[in-house]
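Asks: Residue numbers (the working numbering): -7 to 212.
Glycine is no exception: its CB is placed at the ideal position from the N, C-alpha and C atoms.
I'd like to ask you about the structure that follows.
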């Protein structure tokens, strides 16, 4: 995780040299959300045991696709040949899908994998210093937890769940649209930014640091 954090962090700093601090969050958001050109990438499909959590510990552009109940969980990987051979995908005994790269693999900041995750139900999403996690439209019958640590971005087009817990530690960006929940708990620690839009009957929002939480479009 440390190598991922440093690699993306150095990339951000190189672009932001001479920028005002007020523009830093916009630059981070732009870099992390930028689409990856997969031309020439190799592909690998991995069938997996069921999992209820996803933890990303590498520099990757990850998209989650919610599938109908009863369907098999799987992952599709796209990356340059050498990087693809060093991506580790596994499911722990506790039901956590872990996506990581062999720590001995020497990679450059341009080595970014594209990962598509397919599963019917996931209750926890954790992005550790990666590039981007795209949730699309998600409807869960159980509480959902989203964690972003370091630099990276998490986006959702729609998110329906009885309870939503969101935590951002670092300088990343979280943008959750069309939230539909009874209980929302959001915590931001650091210089990141968080946009929360939609409906939440009960709201608990905590900010500690130089970041900001935008709730202008969040209602009860």
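(1) Can you tell me the Cβ-Cβ gap for residue 147 and residue 126, rounded? I've got them flagged as a contact below 8 Å.
(2) Tell me the DSSP bridge mates of residue 147?
(3) Counting Cβ pairs closer than 8 Å, one from the segment 74 to 86 and one from the segment 29 to 43, do we hit at least three?
(4) Taking C-alpha atoms, which residue in 183, 203, 171, 186 lies nearest to residue 192?
(5) Express the C-alpha separation of residue 196 and residue 40 in angstroms, rounding to a whole number.
(6) Under three-state DSSP, which class holds residue 92?
(7) Can you give the beta carbon distance from residue 44 to residue 113, rounded, assuming they're within the 8 Å contact cut?
(8) Could you give the C-beta distance for residue 106 and residue 53, rounded to a whole number, given that I count them as a contact under 8 Å?
(9) Can you tell which of 165, 123, 160, 25 has the C-alpha that lies nearest to the C-alpha of residue 179?
(10) Leaving out the 5 sequence neighbours to the left and right, which residues in its chain are closer than 6 Å to residue 168 when beta-carbon positions are compared?
(11) For a test of the three-state rule: what should DSSP assign to residue 179, helix, strand or coil?
(12) Where does residue 77 sit, in a helix, a strand or coil, going by DSSP?
Replies: According to the structure shown:
(1) Counting from 1 along the chain shown, the entry for residue 147 is found at position 155. Counting from 1 along the chain shown, the entry for residue 126 is found at position 134. Yes, they are in contact, since the Cβ atoms of residue 147 and residue 126 sit about 5 Å apart, within 8 Å.
(2) By one-based count along the chain shown, residue 147 stands at place 155. Residue 147 is bridged to 126, 167.
(3) A contact exists between the segment 74 to 86 and the segment 29 to 43.
(4) Taking the first residue of the chain shown as position 1, residue 192 is located at position 200. The closest CA to that of residue 192, considering only 183, 203, 171, 186, is found on 171.
(5) Mapped onto the chain shown, residue 40 falls at position 48. Mapped onto the chain shown, residue 196 falls at position 204. Taking the straight line joining both Cα atoms gives about 36 Å.
(6) Here the question's residue 92 lines up with position 100 in the chain shown. Strand, per DSSP.
(7) Within the chain shown, residue 44 is the residue found at index 52, counting from 1. Within the chain shown, residue 113 is the residue found at index 121, counting from 1. Indeed, because the Cβ distance is near 6 Å, the residues count as touching under 8 Å.
(8) By 1-based counting over the chain shown, the position of residue 106 is 114. By 1-based counting over the chain shown, the position of residue 53 is 61. In this structure, residue 106 and residue 53 form a Cβ contact; the two beta carbons are roughly 5 Å apart against a cut-off of 8 Å.
(9) Taking the chain shown and counting its residues from 1, one reaches residue 179 at position 187. Selected option, being the one with the closest Cα: 160.
(10) In the chain shown, residue 168 corresponds to position 176, counting from 1. Only 148, 151, 188 meet the Cβ criterion.
(11) As a position in the chain shown, residue 179 is number 187, starting the count at 1. Here residue 179 sits in strand by DSSP.
(12) Here the question's residue 77 lines up with position 85 in the chain shown. Three-state result, residue 77: coil.
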